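A.B. asks: Below is the structure I would like to discuss, written out as structure tokens.
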Amino acid sequence: MSQTFAKWYDFFMYPLEQGKFKQIRGELLKKAHGKVIEIGAGTGINFPLYKRVESVTAIEPSSFMIERSKKNLHAASVPIDIIQSGAEKLPFSDHTFDTVVATLVFCTIPDTEKSLQEIKRICKPNGKILLFEHVKMDNPYLARLQKQLTPYWSKICDGCQLDRETVQTVTANGFHLIELKKYYHGLFVTMELEIK
Ligand SMILES: C[S@@+](CC[C@H](N)C(=O)[O-])C[C@H]1O[C@@H](n2cnc3c(N)ncnc32)[C@H](O)[C@@H]1O
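Going from the sequence shown to this note's numbering is simple: count from 1 and add 1304.
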């Protein structure tokens, strides 16, 4: 993760965050309960949105993002602990968390399958997984455009892939989809999942 990406991330996301994203994030995070782990917490944009949960453990591999996320701790109404880690190897015991949250992260994680195995391991068997992601679109022309843009986009946006089929990846890796909502013509989705 580059320092430049971390520095400009909130600035470029601001128009989206002040628009529909705030509502999408809020609606999704209302479903979190108990002990929560947030994967790839970035600049901590979700921190103020957690209500009525026991605690949040925010993991994030980039020290630059972590520094920025600390400024959002004061706005949180629940205890939040930030730990530097990638999702592929999580430093927690089996069945630790009631809820796993990841927002705009599965587009970037290098090893998604390994990360999903780790999520399955650290989540309680009856736990909940809440995702907000951008994905490959259903429209074949737009999907082709996403594929063509990805090599350039990924260079500017620190490895972000525009054409990942995250819904299919997650459901093929041992998660059962309870609810799927699509936004912006299916460019963005939220998923509520449980372990199969
Ligand atoms: C596009 S940002 C999203 C940040 C934040 N979750 C949000 O909703 O705005 C992607 C985040 O994923 C993190 N990330 C990249 N590789 C990761 C990995 N292997 N495990 C966990 N997080 C990762 C990045 O450091 C970055 O903070």
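Note that beta-carbon positions come from the ideal geometry of N, C-alpha and C, so glycine has one too.
Because the structure is a prediction, the values reported are computed rather than measured.
Could you check whether Val-1360 and Asp-1385 sit closer than 9 Å to each other, using their CB atoms as the reference points?
C.D. replies: Taking the first residue of the sequence shown as 1, we reach residue 1385 at position 81. Taking the first residue of the sequence shown as 1, we reach residue 1360 at position 56. Result yes, Cβ atoms of Asp-1385 and Val-1360 sit closer than 9 Å.
A.B. asks: With distance defined between alpha-carbon atoms, name the residue in Ile-1363, Phe-1436, Leu-1466, His-1480 nearest to Gln-1327.
C.D. replies: Stepping through the sequence shown from its first residue, residue 1327 is reached at position 23. Of Ile-1363, Phe-1436, Leu-1466, His-1480, the residue nearest in Cα terms is Phe-1436.
A.B. asks: Is the region 1351 to 1359 in contact with the region 1418 to 1425, if contact means three or more CB pairs nearer than 8 Å?
C.D. replies: no
A.B. asks: Leaving aside the five residues before and after Gly-1332 along the sequence, list all residues of the same chain whose C-beta is less than 6 Å from its C-beta, in chain order.
C.D. replies: Mapped onto the sequence shown, residue 1332 falls at position 28. Checking the displayed sequence, the identity of residue 1332 turns out to be Leu instead of Gly. The residues are Leu-1434, Phe-1436, Thr-1494.
A.B. asks: What residues match up with Thr-1403 in a beta bridge as DSSP calls it?
C.D. replies: Against the sequence shown, residue 1403 aligns to sequence position 99. In DSSP, Thr-1403 forms a bridge with Val-1340, Lys-1432.
A.B. asks: Could you tell me if the beta carbon of Val-1360 falls within a distance shorter than 8 Å of some heavy atom in ligand 1?
C.D. replies: Within the sequence shown, the letter at position 56 stands for residue 1360. The answer is no for Val-1360.
A.B. asks: Ligand 1 and Thr-1407: does any heavy atom of the ligand fall closer than 8 Å to the residue's C-beta?
C.D. replies: Taking the sequence shown and counting its residues from 1, one reaches residue 1407 at position 103. Yes; taking the cut-off as 8 Å, the Cβ of Thr-1407 has a heavy atom of ligand 1 nearer than that.
A.B. asks: For the beta strand (DSSP E) holding Leu-1481, just list the boundary residues, first then last.
C.D. replies: Within the sequence shown, numbered from 1, the residue matching residue 1481 stands at position 177. Where Leu-1481 is concerned, the enclosing beta strand (DSSP E) stretches over 1479 to 1487.
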